[in-house]
């Protein structure tokens, strides 16, 4: 049963702390990703691993930028440059997530075919 029709409340229930902290669905841990991609054809798995790493880097950039914002010390020119670089990375997050979704969508037919072939051979 859904407690609220509010989309934000649904996201919080589905994705928990990761959603609250980063504003995106939780990502699989590296070991989980390996298991999930075990039956994905090589090229698609490689592309998805790479795209997921880009998302992780953007999430980490957002975390680091938040840490910098919370710091009370004056910023150096190097800090300003780092913050600008991190912000640029973070600003790409939604596009990176869209890229991941597109890679998944593009690879589904080949993944299904490969899994049907394995099932038929077993």
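In the numbering used here, the protein residues as written are 2 to 123.
Glycine included, C-beta positions come from ideal geometry on N, C-alpha and C.
Treat the numbers as computed from the prediction; the structure is a model and nothing was measured.
- Annotated three-state conformation of residue 31 is helix, per DSSP.
- Contact between residue 17 and residue 27 holds, with the beta-carbon distance rounding to 7 Å and staying under 8 Å.
- Distance from the Cα of residue 22 is smallest, within the candidate group 39, 11 and 64, for 64.
- Contact between residue 56 and residue 87 does not hold, since the beta-carbon distance rounds to 15 Å and is not under 8 Å.
- Sixteen is the threshold: when 16 or more other Cβ atoms of the shown chains lie within 10 Å of the Cβ of residue 108, as they do, the residue is buried.
- Cβ contact annotation for residue 104 (same chain, cutoff 6 Å, sequence separation greater than five): 48, 49 and 52, in chain order.
- The DSSP assignment places 78–92 as complete runs of the alpha helix (DSSP H) inside the segment 64–111, in order along the chain (cut-off: 4 residues).
- With contact defined as three or more Cβ pairs closer than 8 Å, the segment 24–41 and the segment 111–118 are in contact.
- About 6 Å separates the beta carbons of residue 91 and residue 59, which is inside the 8 Å limit, making them a contact pair.
- In this structure, residue 69 lies near residue 84, with their beta-carbon atoms less than 8 Å apart.
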